[in-house]
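Presented below is the structure to which this report refers.
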């Protein structure tokens, strides 16, 4: 019996293959019932994973859901975080929310010492602010 979180992750990994995958095949590969697969697919969809269902044909992730991993250097990551902070200041609300999510992901891949502003060896990432009108 696999843990549910592991099973959900495995479903996403299987669906990344871009081929339609039936609930029966998922159930067989994961060692669970089709009913469990249906519940898992529903829960993945409710949590924001764009699972597309084809009646009788199977499931797949919507194209463009995720990108292949990038191999960024620490300096490249720091440059992107600085750009994100600048754009969050000048972008609209929708852009700002997407940038916040991207910033969290970028910060997660940086070494601990490079994450905290003002920390040892921290990147120069000022907090940008819109100029106030007098």
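In this note's numbering, the protein residues as written are -19 to 114. We put the CB at the ideal spot given by N, CA and C, even for glycine. All values derive from a computational prediction rather than experimental measurement.
Q) Considering residue 10, what are the terminal residues of the alpha helix (DSSP H) in which it resides? A) 3 to 10
Q) So, helix, strand or coil for residue 92, using DSSP? A) helix
Q: Taking 8 Å as the threshold, find out whether the region 39 to 52 comes into contact with the region 67 to 74 through three or more Cβ pairs.
A: no
Q) Name the DSSP beta bridge partners of residue 40, please? A) 32
Q. Given 8 Å as the limit, is there contact between the region 48 to 60 and the region 80 to 94, that is, 3 or more CB pairs closer than that?
A. yes
Q | Where the alpha helix (DSSP H) through residue 23 begins and ends | A | 14 to 26
Q. Where do the N-terminal and C-terminal ends of the alpha helix (DSSP H) with residue 50 fall, by residue?
A. Looking at the DSSP string, residue 50 is not in any alpha helix (DSSP H), and its letter there is neither H nor E.
Q. Is residue 85 helix, strand or coil when you go by DSSP?
A. helix
Q.
Short of 8 Å in beta carbon distance, which residues of its chain neighbour residue -12, apart from the five on each side in sequence? Order them along the chain.
A. 20, 23, 24
Q. Chain C beta carbons: is any one of them nearer than 8 Å to that of residue 7?
A. Chain labels in this structure do not include chain C; a single protein chain is all it has.
Q | Span of the alpha helix (DSSP H), counted from its first residue to its last, around residue -13 | A | -16 to -5
Q. Straight-line CA distance for residue 78 to residue -6?
A. 26 Å
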